[in-house]
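Chemist: Pasting a structure below so you can have a look.
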Ligand SMILES: Nc1ncnc2c1ncn2[C@@H]1O[C@H](COP(=O)(O)OP(=O)(O)OP(=O)(O)O)[C@@H](O)[C@H]1O
Ligand SMILES: Nc1ncnc2c1ncn2[C@@H]1O[C@H](COP(=O)(O)OP(=O)(O)OP(=O)(O)O)[C@@H](O)[C@H]1O
Ligand SMILES: [Mg+2]
Ligand SMILES: [Mg+2]
């Protein structure tokens, strides 16, 4: 179907041209799923874009090689001829569902326009075809959805719309560039299931780009592993997993977190009793966001983001907070970090945050540091990273200028960066490096508690593994407690001592890692665990049951608070909400 | 929507009230005596005093403002000191011309400015881009009086394509709109360029290309509506700038709008007219901003009126 | 009745352009040069001037009689004069008109002109309505009794403020009468589109048979003078009401064809610099004389493209009473310096020169500034909007020197007294007055009153001499430095006909609408 | 994307101070920016050295500077750029006028920018009642005809260059404030600002070290566009008699005094107009370059 031979893509930079894809050859058969795996920056996306002839202009170009689709060599086509191929014969789904749809055009418009561009169908027929496509990706009420805009849909639905768009014209080849990286596990499961279904129905060939070996195991027929722009290994999925030949592949597979392998951690959860010297104690935390409306802009609705959450974290302990997108994890974290107003009690190091003066609060701030989800977004892009890491010291008036610099250098080395990188800017680092800068920054003040909000979700597995190791190491060394927020159950299983599962602003299950993972009681917890793809092609799961309804909204009218769940101890501190 | 409008209208009224108070106060402080303007050169001091009393200008500031406000509420803008006509009548007779010019000018500047910005963004970094950006600067820096007279001389006197000034048909409208538009076009071209460059970098533009859409569809259907939002917000500000330029352009082209009325009133300290025109222009600006805010959600559905 | 130009053709329409709006056409209120002559074509007064001259003649009055004491004027009215609404004008209308003008409620700026009529003070103070000094003897006779002999009274009867209005129409339109003028004049208002156009059409019932010649005059409003000239050159209009713009003057004068269509004439205008005689150092007459000698008038005239003649006294040359023999102060830098030294300012001094901000006034002010600098006077210029300059002038401590251009004196009527009272007499030297030099000479006030009591027309020459003497005396005190008398340059389209003096008529600016005609009809 | 890694630190073992002084050097590396700098330098030099550059006094009305009919002279060997309506040397007036115009274009415009930024940033960052009060006031000012305000202010104070500059600043800050406000509100929602808060950074620090640098591009754009608009606004004010008083020259008032003569004496409008344009363009070129240089993410782009 698609054949690539000797493809080289080069990018023009400051210091001349640089090849980012070198001498890549592959073939894709009809109805086959080919996964391209590899670390970040290895040229996966560039390969995909090269096939589509959508390389970023004017920086990148195909320097040699051919891309053959059937009889046509795509590399020789002009823009106009290429327009006819794109969408019609090769379709592509991009990494970011949030930004890949045009925010100002309705779903319907975006679906029908490519149909109209490639067929002679009347607009009514195009509309019908669009509805069909939406139904095919199992979007309910497809008819009325056509009128909606992307921001009115959840991330998972947006990605499904992207898939519908790609599939509406029944292309021969579908390229999906990390289609699920940005999604929740549950949604990821649904999307992958969908791709499989569609492939079965239409016999589409799929190139699936991912760094998640779980996804690879789940989906691929064949796998290509790339590194530094080159293919390091190619083979059947089972072979790759069972008998990796290249060192890099082995390394990659070793780094993959797997559920049920988190035994490496000492079981502190059960041994540490609830004492008064908890690092953090959260009791009946409520956070609501008022929505205004009405004639005078009065408050008439409230988002009940966090509804009566209680937990505590001891020194040396890692508490994981898991749950779907929008369930209130980040809001809980923000309340702890003092970023949103809240009701209830938060006690840090024995001091209740409410009722503290300005200076005391600043002092408490030293004890709680936060690492954000997106390391890039949380670093001021206009500051040098050395200054960023030194900033907490400066603010709290610690150390002289020279000392600060030396301390920062030490911190850099501690998190595995070199001190001479201090004068660079955030964008000059890779994602993993940036996350390490954030960690260095959080460590600068020697805090007692670090809140890590989805801190590793965006990283590729090898980097993720390194960051997780670092976190564990630091915990051993300094006794830091973590509040670890994630939706990746495998990661959670790997790092946490105790786990709290959140749903719609409330905790539905909480217990030690073993209690939650080996004996999940709440149906929602079960579902979360089930959704995690297993990185072993031999253990492909049965079909993943899709939820048909949307997640209920935490937004409610004023005076109608959501019902409060009560947690029941089912033994050894394993708390489960009655459902 | 309705509650939102209600709130905005209330805010707007407050703004208008503020404008009227400040204007009235400033005019009160102005070291020029309107009565002596009315009375003219041969009037005796007694005549001057008589007129002052008749107009109530001997009253304390607060009383004067109160009276003004009260008659304003009944829709009465007062009577011009010099022209002796109802200010409402004067403004109503001239407003259509100004509005027409405003529409023409805004169309012109959007047409010229957005096209220039669009081309420059698409051809970013090329000579075309640089030429267009220099041109936009010339537009911003050129005095309107000179631009107006040049256009008039070339296109009306020399080539005879358009009438030399006046008001009536669409042909009268072209040159004044163009003169007004050239200034704004420079601003819009720069704004459009940068916002378009930004949008063209976005993922959804790449998605559109991946769907195999034609270049035109991508530019106009996908990129333009996204890029135009900051421009729409600018139109509100623009009406304010427009009010400054209207004086010059209307006088060059003999355009019977409120700019000329305002100019004459300022020269002769004709306070009721100054007040009237100020309120009308403030109203236009407030309305422009309101419209820009109301239109925004239609262009970008993510925006909620709040 | 005057003879009508035998060459005149009947009919046709002309277009006149103006930049500024026409304010009001109510004769009791209209008081700028633009509506002044328009009102004259819509209304008539008891007296008027022969077209193109400053010679008084009876108009709505057929004849008049002045009592020997000069305090009673009796006018016999013309019969059969009709207002535009068809009603005949009578003596009651005359009385109503003057009562209305003097009534404070009318807010007429010209009320003061009627100060010599008996009962004026009571009316002005709002005590009564109606002047006791005006009597309607019979429908065609009206008698004015004055409190003092007033030689200017006939001129007063010729200014717009005394033009006769019909009571019923005034009452019908109230404050809007100025937008719906009804008079007895040669033209009547046909259309007024605010801000755009005013159209006059011929009054077919005009009492002066054979006048006016034109069927229609269209005034187009809001035209920049430069644009008006371009349109004139294209033949789209007939008279640019604001004249030839300075930027185009030389282009026009260099082209013989265009130059031939320019009519040049004098104007009852003087441009001058006032010096505040109550403010040091201008309280010293030597300083004021020095300023007079310092100013290079020829250079200033050159600056404005020779569109004026240098002046040496307050009165313009075409005004009765102008002293041809008077030489004034010569331009003499050395002498000026000497005078300054005598006055105790050998190194000059610093002062301010106020001027109005429209071209060419700032330029003239700068030329004066340079001339003053040459004798050591460092004057900084305050170029302000008209209203601000007037405000500064009316404040005793406001402005040391003012260049009068743009606000300068154009006479209300062609009489020497008109240049004295408000701008040089004690009456004007009050806060808010127009005597910006704050010059108050009681002696001269008395002499002026004496001259104005010479009512007998036969003694006009004698009276003019008295006025000449007054102005000579003023120049000795030098509260002013007269700079130039502006000339008028009226440009017309090729089809306009009529004697040249109709286009530079001293009391009709820009032209005498009633008497001009066009050549391209029939 | 990657730039050469920072200096060698093996020599002393101590960490060297980082290379900060690069802005100038980087500016000098860009051709267009150098062109802009050269133009600004020429204008500055012209303004400062004016007395030594020409043999004429800017206010001297020369007898041989006008024709007998009082017309200005076109450029020739004696008067390089011709003379004006008063017979003064135009070149000299433009050189001296640069002083006024630089003060207006840089100081007045700068103050306007400062006020606008201050108001916009404060309102955008603090929100709450301070924000509403400031923004309602901005709305009010925006609805207020700027020219009228300028006239009244200038009439109440005695006109002088500095008053004029202040008046211009007082009417010109509004648009900037609006734009900065919008941008600041979206900036303060960004995650890195939250991150700053969690490490205990106070408002001044966040505003000055983190928000302001991000506003720079906008400030630069409005600043450069403001140069020509303020210079021309000064001219309009002069025209109304409330600008700098004659005979002080400014580029704007040279144009306005002479604009009706654009046909009879085009040099009187062309040369000062070209000067304004050149100055505005020069600042724009420098601003564009600065924007790129100060934005680390743009490093290495052409
Ligand atoms: N617009 C661009 N200009 C210059 N270099 C680029 C550009 N886009 C990508 N690159 C470089 O090309 C190389 C390959 O990038 P590519 O996006 O293909 O990586 P990837 O394998 O998809 O990584 P990821 O998993 O992070 O998406 C990287 O080194 C990257 O720095
Ligand atoms: N500033 C805010 N105003 C209104 N609603 C908000 C605000 N911040 C968060 N919310 C709402 O509160 C709820 C909880 O949000 P939160 O960010 O805590 O979710 P999360 O569990 O962190 O999800 P994710 O996994 O997507 O980060 C969501 O419904 C969100 O829309
Ligand atoms: Mg990629
Ligand atoms: Mg979150």
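Chains as they are written, first to last, in our numbering: chain A, 3 to 581; chain B, 201 to 506; chain C, 214 to 735; chain D, 277 to 578. Don't be surprised by glycine CBs; every beta carbon is placed ideally from N, CA and C.
1) Let me confirm a value: residue 339 of chain D is counted as buried when at least 16 other C-beta atoms fall within 10 Å, else exposed. Which label applies?
2) Under 8 Å: do the region 457–473 of chain C and the region 485–502 of chain C share three or more Cβ pairs, one atom per stretch?
3) Under a three-way DSSP split, which group does residue 723 of chain C fall into?
4) For ligand 2, I want to know if residue 331 of chain A counts as a neighbour, meaning its beta carbon is within less than 8 Å of at least one of the ligand's heavy atoms.
5) Excluding the five sequence neighbours on either side, which residues of its own chain have a C-beta within less than 7 Å of the C-beta of residue 138 of chain A, listed in chain order?
6) Which runs of the alpha helix (DSSP H) at least 4 residues long sit entirely within the region 122–170 of chain A? Give them in chain order.
7) Got a sec: is the Cβ-Cβ distance from residue 375 of chain C to anything in chain G below 9 Å?
8) Evaluate residue 377 of chain B with the Cβ neighbour count: other Cβ atoms within 10 Å of its Cβ, from every protein chain shown; 16 or more gives buried, anything less gives exposed.
9) Which residues in the same chain have their Cβ closer than 6 Å to the Cβ of residue 320 of chain A, if we skip the five residues on either side of it in sequence?
10) Any beta-carbon of chain B closer than 9 Å to the one on residue 439 of chain C?
11) Residues bridged to residue 405 of chain C by DSSP?
12) Where does residue 404 of chain B fall in DSSP's three states?
13) Can you tell me whether residue 192 of chain A is buried or exposed? The criterion is at least 16 other CB atoms within 10 Å of its CB, across all chains shown.
14) Any Cβ of chain A within less than 9 Å of the Cβ of residue 327 of chain B?
15) Would you grab the beta carbon distance between residue 281 of chain A and residue 451 of chain A for me? Rounded to a whole angstrom, and I think it's under 8 Å.
16) Which value, in whole angstroms, describes the spacing of the CA atoms of residue 362 of chain B and residue 544 of chain D?
17) Where residue 424 of chain C and residue 399 of chain C are concerned, what is the direct C-alpha to C-alpha distance, given to the nearest angstrom?
18) So, using beta-carbon positions, are residue 450 of chain B and residue 435 of chain C closer together than 9 Å?
19) So what's residue 769 of chain C in DSSP terms, helix, strand or just coil?
20) Using a 10 Å radius around the Cβ and a threshold of 16 neighbouring Cβ atoms, would you call residue 328 of chain D buried or exposed?
21) If residue 261 of chain C and residue 371 of chain C are in contact, beta carbons under 8 Å, what's the gap, nearest whole angstrom?
22) Would the beta-carbon of residue 326 of chain A be found less than 8 Å away from any heavy atom of ligand 2?
23) In whole angstroms, give me the CA-to-CA distance for residue 691 of chain C and residue 650 of chain C.
24) So if DSSP puts residue 21 of chain A in a beta bridge, which residue, or which two residues, is it bridged to?
25) Taking the alpha-carbon positions, what's the residue 10 of chain A to residue 504 of chain D distance?
26) If you follow the beta strand (DSSP E) that residue 350 of chain C is part of, which residue opens it and which one closes it?
27) Any beta-carbon of chain B closer than 9 Å to the one on residue 504 of chain D?
28) Who are the neighbours of residue 94 of chain A on chain B, taking C-beta pairs under 7 Å?
29) Nearest chain A C-beta to residue 430 of chain B closer than 9 Å, yes or no?
30) Quick check on residue 226 of chain C: does DSSP put it in helix, strand or coil?
31) Below 8 Å, is the gap between the Cβ of residue 376 of chain A and the nearest heavy atom of ligand 2?
32) Could you pull out every residue in the same chain whose Cβ sits closer than 7 Å to the Cβ of residue 260 of chain A, ignoring the five residues on either side in sequence?
33) Beta strand (DSSP E) containing residue 202 of chain A: first to last residue?
34) Can you tell me which of the three DSSP states residue 268 of chain A falls into?
Modeler: Walking through what the data contain:
1) Result: exposed.
2) Judged by Cβ distances under 8 Å, the region 457–473 of chain C makes no contact with the region 485–502 of chain C, as fewer than three pairs qualify.
3) Annotated three-state conformation of residue 723 of chain C is coil, per DSSP.
4) Checking every heavy atom of ligand 2 against the Cβ of residue 331 of chain A, one is found closer than 8 Å.
5) Exclusion of the five residues before and after residue 138 of chain A leaves 166, 169 and 200 as the residues of its chain whose Cβ lies within less than 7 Å of its Cβ.
6) Scanning the region 122–170 of chain A from its first residue to its last, the whole alpha helix (DSSP H) runs of 4-plus residues come out as 125–138, 144–147 and 157–169.
7) Although the question refers to chain G, the structure presented lacks it and instead comprises the protein chains A, B, C and D.
8) A residue is called buried when at least 16 other Cβ atoms come within 10 angstroms of its Cβ; residue 377 of chain B meets this threshold and is buried.
9) Non-local beta-carbon contacts of residue 320 of chain A in its own chain, meaning distances under 6 Å to residues more than five positions away in sequence, involve 484, 486, 497, 498 and 499 in chain order.
10) Output row for residue 439 of chain C: interface = yes.
11) BP columns for residue 405 of chain C point to C/411.
12) Here DSSP, grouped into helix, strand and coil, assigns residue 404 of chain B to helix.
13) So residue 192 of chain A counts as buried.
14) Among the CB atoms of chain A, none fall inside 9 Å of the CB of residue 327 of chain B.
15) Residue 281 of chain A to residue 451 of chain A, Cβ: 5 Å. Contact.
16) Their backbone Cα atoms lie some 27 Å apart in a straight line.
17) About 7 Å.
18) Cβ atoms of residue 450 of chain B and residue 435 of chain C: closer than 9 Å.
19) Summary: the structure shown does not reach residue 769 of chain C, with chain C confined to residues 214 through 735, and so no result is reported for it.
20) Burial call: exposed.
21) That belief holds up - the Cβ atoms of residue 261 of chain C and residue 371 of chain C are roughly 6 Å apart, short of 8 Å.
22) Checking the Cβ of residue 326 of chain A against ligand 2 gives yes.
23) In this structure, the CA atom of residue 691 of chain C is about 10 Å from the CA atom of residue 650 of chain C.
24) In DSSP, residue 21 of chain A forms a bridge with A/12.
25) C-alpha separation (whole angstroms): 50 Å.
26) Unbroken beta strand (DSSP E) run through residue 350 of chain C: 347–351.
27) It does; some Cβ of chain B falls within 9 Å.
28) Residues of chain B with a Cβ closer than 7 Å to the Cβ of residue 94 of chain A are, in chain order, 410.
29) Closer than 9 Å to the CB of residue 430 of chain B there is not a single CB belonging to chain A.
30) In the structure shown, the three-state DSSP call for residue 226 of chain C is strand.
31) Every heavy atom of ligand 2 is 8 Å or more from the Cβ of residue 376 of chain A, so no.
32) In the same chain as residue 260 of chain A, and ignoring 5 residues on each side of it, the C-beta atoms closer than 7 Å to its own belong to 492 and 537, in chain order.
33) Segment 187–204 is the alpha helix (DSSP H) holding residue 202 of chain A; no beta strand (DSSP E) there.
34) In this predicted model, residue 268 of chain A has a pLDDT of only 47, less than 50, meaning its place in the structure is not dependable; the value taken from the coordinates is given anyway. The answer is coil: DSSP assigns residue 268 of chain A none of H, G, I, E or B.
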